[in-house]
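The next block holds one structure in the form of structure tokens; read it before the comments.
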Amino acid sequence: MKYKNIPDQNGYFGDFGGCFVSETLMPAIEELKETFVKMRKDKKFQNELKSYLKNYVGRPTPLYFAEKLSKKFQFKLYLKREDLCHTGAHKINNALAQVLLAKKMGKTRVIAETGAGQHGVATATAASLLGLKCRVYMGTEDMRRQSLNVFRMQLLGTEVIGIDSGSKTLKDAINEAFRDWVTHVKDTHYVLGTAFGAHPYPYMVREFMSVIGTEAYKQIKKAEKRLPDAVIACVGGGSNAIGIFSSFIKDKKVRLIGVEAGGKGIESGLHAARFAGGRVGVFQGTKSYLLQDENGQALTTHSVSAGLDYASVGPEHSFLREIKRASYSYATDEEALNGFSTLAKEEGIIPALESSHAVGYLISHAEEFKNQLIILNLSGRGDKDVIQVKEIMENMQ
Amino acid sequence: MNKITKVFEELLKKNQKAFIPYLTAGDPDIETTEKILELYASNGADIIEIGVPFSDPMADGPVIQAAMERALKNSISLKKILNLVSNFKKKYSTPIILMGYLNPFFSYGFEKFAKDAKASGVDGILSVDLPPEEATPFYKALKNQEIISIFLATPVTNQKRLHAIQKFAEGFIYMVSVAGVTGERKNLDEGLIEKIQEVKKTIRLPVALGFGISSPEMIQKYYSHLDGFIVGSALINRMENDLKNQSPFEELKTFFLSLAKVCH
Ligand SMILES: Cc1ncc(COP(=O)(O)O)c(C=O)c1O
Chain A
1 MKYKNIPDQN
11 GYFGDFGGCF
21 VSETLMPAIE
31 ELKETFVKMR
41 KDKKFQNELK
51 SYLKNYVGRP
61 TPLYFAEKLS
71 KKFQFKLYLK
81 REDLCHTGAH
91 KINNALAQVL
101 LAKKMGKTRV
111 IAETGAGQHG
121 VATATAASLL
131 GLKCRVYMGT
141 EDMRRQSLNV
151 FRMQLLGTEV
161 IGIDSGSKTL
171 KDAINEAFRD
181 WVTHVKDTHY
191 VLGTAFGAHP
201 YPYMVREFMS
211 VIGTEAYKQI
221 KKAEKRLPDA
231 VIACVGGGSN
241 AIGIFSSFIK
251 DKKVRLIGVE
261 AGGKGIESGL
271 HAARFAGGRV
281 GVFQGTKSYL
291 LQDENGQALT
301 THSVSAGLDY
311 ASVGPEHSFL
321 REIKRASYSY
331 ATDEEALNGF
341 STLAKEEGII
351 PALESSHAVG
361 YLISHAEEFK
371 NQLIILNLSG
381 RGDKDVIQVK
391 EIMENMQ
Chain B
1001 MNKITKVFEE
1011 LLKKNQKAFI
1021 PYLTAGDPDI
1031 ETTEKILELY
1041 ASNGADIIEI
1051 GVPFSDPMAD
1061 GPVIQAAMER
1071 ALKNSISLKK
1081 ILNLVSNFKK
1091 KYSTPIILMG
1101 YLNPFFSYGF
1111 EKFAKDAKAS
1121 GVDGILSVDL
1131 PPEEATPFYK
1141 ALKNQEIISI
1151 FLATPVTNQK
1161 RLHAIQKFAE
1171 GFIYMVSVAG
1181 VTGERKNLDE
1191 GLIEKIQEVK
1201 KTIRLPVALG
1211 FGISSPEMIQ
1221 KYYSHLDGFI
1231 VGSALINRME
1241 NDLKNQSPFE
1251 ELKTFFLSLA
1261 KVCH
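These protein sequences, in sequence, are chains A and B.
Numbered as in the numbering used here, the first sequence ends at 397 without a single skipped number.
Numbered as in the numbering used here, the second sequence ends at 1264 without a single skipped number.
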């Protein structure tokens, strides 16, 4: 099957995607689809968004040559510095655009789910900037391990609701956000935080994240006069990865590598590597790879990083893997922690635990990338994670 | 003609409404579900809706969420539910609808599921997260086995959506009473009656009201506008009380009879 840049009218990338929501949400989904398609071509909307991305978020973010790390492992590594975005991760690119879209639709309230808290903080920030009410759902397990971000959201005037059901993580927060949305569907927009969920979300979020790839493409050509051999990104729902991949998909020689959360290893069952351990299912609005038991119940997942700790993955990634345009691997908790501390020591950059999976994967496979030109999407900074990592390190001693 | 349509036609002749109680399969265990099914069937249920537990019931409120969690803890599965239906159907002819989320059906395999469901006596399926745009593969598999597909309409469903629903809907329209999740409510959506009339004008099927129904009085209030009433969370709440008090479902039965009475 050939890669098409745009999903079909029902939101399918090949066999993956679609729109599986209850009837109550269908009018809101259709309104969102129409508004998004209109605003994509609306000069005023695009200029407004561009202006915010430049002056408020701080785009373009640098493409930084990681010289010491490159020398140490004998590759040539560039980091796309999404960690330098306002609020500390790529999530703001999408959150800001969606809140702006919500305002255009005349909505007065936005809701969001969050795992690591980065999307919650980004949505809270955009809501405060644009003057909308905001509520964020977050699993209580995630609130515990990302407590700093909970407080940040509260400072921004957002109400954070802890979810104590299921695995108390991202998927449970998404369930609750959907329940809120069906109840307040007339005045509320649901700012979904990753390239997942019912059509048009996976497509829309990719479009809002593609600014990462557009910049990186130009930047690497300017710096190296050529395209990279590989682009590497961590994959939770898949938004930072699809954002940077999107510009390189057409250049078949560029390897695209997504890194999932390997947790305590695939054999242990304690992981969130959907491609390594899952099969196709329909979950939270879309058809994609899903970690599920033999009866089709979603499994609980494990990862040291809250942002990758999720049972399914964006449908476009399933499609890219199916047509063999991208490949997906994983990094374990241990490899991620190694990536975390190595990047801090070698480059003076503390990465988010999510992004640390990409770094950890690269270090573990350094031999394979010898002498190659690589772009790694450093999706976020690790300030939110330092308390958790400190605890882990103390426990290891 | 399918059995569900027949039930509505016969009730219409008698000027009565269909009473459709819900329960979650396997909550808290299969034995209890068997008992409650018998209680429902022998005390005036016209159709019974059996909830298929799912790990992530996005359209359900706290009561049914908890019911599904209890059932899953005791490893309920679609296979066991079909077995349950099959045993029930040996004694009762009450039509059975399975209501759930798509993935357990998808995981089972649509064709295989439809065949097994037919063999065990299932009459209709409602998959909450399956809008008509996505319905074709499952609908066809069910149709081949003469199992009907039931669809939702809601207070926010517009004309365009009603036309999409019309293409697949059979048996009756499940009218959701509020924009929201399942669970008992004191009041239902304000424009509900107008919406019911709009649905009836567009789709030539009986309409049954569900989500939020909490009392016989509420059924009375909407009685003349509808063809049936579905009650879920309110029954589960009574069942839970009975389990807690170790009473042989007395509160549940009294409440159940009061609902059946206003419908008939
Ligand atoms: C810094 C960072 N990177 C990556 C992710 C994973 O999300 P996605 O796969 O959508 O980029 C998160 C999610 O919370 C995050 O905070």
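Where a beta carbon is used, it is the ideal one built from N, C-alpha and C, also for glycine.
All of these numbers come straight from a predicted model, not from anything done at the bench.
Check, Outcome
"In the DSSP output, what is residue 298 of chain A paired with across the bridge?", "A:292"
"Which residues bound the alpha helix (DSSP H) around residue 1202 of chain B?", "1192–1202"
"With distances taken Cα to Cα, identify the nearest neighbour of residue 159 of chain A among A:185, A:203, A:110, A:196.", "A:110"
"Starting from residue 133 of chain A, trace the alpha helix (DSSP H) both ways and give me its first and last residue.", "Looking at the DSSP string, residue 133 of chain A is not in any alpha helix (DSSP H); the run it does join, the beta strand (DSSP E), is 133–139."
"Measure the beta-carbon distance from residue 14 of chain A to residue 203 of chain A and round it to whole angstroms, keeping in mind my assumption that it falls under 8 Å.", "Incorrect: roughly 13 Å between the Cβ atoms, too far for contact."
"With residue 354 of chain A and residue 69 of chain A assumed to form a contact (beta carbons below 8 Å), what rounded beta-carbon distance in angstroms separates them?", "Actually they are not in contact, since the Cβ atoms of residue 354 of chain A and residue 69 of chain A sit about 18 Å apart, beyond 8 Å."
"Label residue 387 of chain A either buried or exposed according to how many other C-beta atoms from any shown protein chain fall within 10 Å of its C-beta, with 16 as the threshold for buried.", "exposed"
"I want to check one thing, is the minimum distance from the CB of residue 320 of chain A to the heavy atoms of ligand 3 below 7 Å?", "Ligand 3 is not part of this structure, which contains only ligand 1."
"Does the segment 369–381 of chain A come close enough to the segment 1021–1040 of chain B to have 3 or more Cβ pairs within less than 8 Å?", "no"
"Please classify residue 380 of chain A as buried or exposed, where buried requires at least 16 neighbouring CB atoms within 10 angstroms.", "buried"
"Can residue 140 of chain A and residue 186 of chain A be called in contact, C-beta distance under 8 Å?", "no"
"Just how far apart, CA to CA, sit residue 219 of chain A and residue 341 of chain A?", "27 Å"
"Applying the 10 Å Cβ sphere with the 16-neighbour rule, what's the burial state of residue 1223 of chain B?", "exposed"
"Between residue 98 of chain A and ligand 1, is the CB less than 7 Å from at least one heavy atom?", "no"
"Whose C-alpha, out of A:337, A:122, A:49, A:394, is nearest the C-alpha of residue 192 of chain A?", "A:122"
"I'd like to confirm something about residue 93 of chain A: is its beta-carbon nearer than 7 Å to some heavy atom of ligand 1, or not?", "no"
"Using C-beta distances below 7 Å, list every residue in its chain close to residue 145 of chain A, excluding the 5 sequence neighbours before and after it, in chain order.", "306, 388"
"From which residue to which residue does the alpha helix (DSSP H) around residue 1068 of chain B run?", "1062–1073"
"Look up residue 61 of chain A in the DSSP assignment and say whether it is helix, strand or coil.", "coil"
"Taking the alpha carbon of residue 311 of chain A as the reference point, which residue from A:196, A:41, A:37, A:118 has its own alpha carbon closest?", "A:196"
"Determine the closest residue to residue 401 of chain A out of A:148, A:107, A:131, A:85, with distance taken between C-alpha atoms.", "The question about residue 401 of chain A has no answer here: the residues shown for chain A are numbered 1 through 397."
"Hey, is residue 23 of chain A's beta-carbon within less than 8 Å of any beta-carbon in chain B?", "yes"
"Can the beta-carbon of residue 1236 of chain B be found closer than 8 Å to that of residue 1082 of chain B?", "no"
"Give the residues from the segment 371–395 of chain A that approach chain B closer than 7 Å (Cβ to any Cβ), ordered along the chain.", "none"
"Any C-beta of chain B sitting closer than 8 Å to the C-beta of residue 7 of chain A?", "no"
"So if I threshold CB-CB distances at 8 Å, which residues from the segment 1105–1119 of chain B count as touching chain A?", "1105, 1106, 1107, 1108"
"For a contact defined as C-beta to C-beta under 9 Å, what are the partners of residue 173 of chain A on chain D?", "In the displayed structure, chain D is absent; the protein chains listed are A and B."
"Alpha carbon to alpha carbon, what distance is there between residue 83 of chain A and residue 104 of chain A?", "28 Å"
"May I ask you to report which of helix, strand or coil DSSP gives residue 395 of chain A?", "helix"
"Helix, strand or coil for residue 274 of chain A? Go by DSSP, reduced to three states.", "helix"
"Taking Cβ-Cβ distances below 9 Å as the criterion, which residues of the segment 1065–1092 of chain B are in contact with chain A?", "1065, 1066, 1069, 1072, 1075, 1076, 1077, 1078, 1079"
"Buried or exposed for residue 323 of chain A, going by 16 or more other Cβ atoms inside 10 Å?", "exposed"
"May I ask you to check if the CB of residue 119 of chain A is nearer than 7 Å to at least one heavy atom of ligand 1?", "yes"
"Can we count residue 311 of chain A as close to ligand 1, meaning its CB is less than 7 Å from some heavy atom?", "no"
"Buried or exposed: where does residue 65 of chain A fall if 16 or more other Cβ atoms within 10 Å of its Cβ makes it buried?", "exposed"
"Which one of A:23, A:6, A:22 has the shortest CA to CA distance from residue 16 of chain A?", "A:6"
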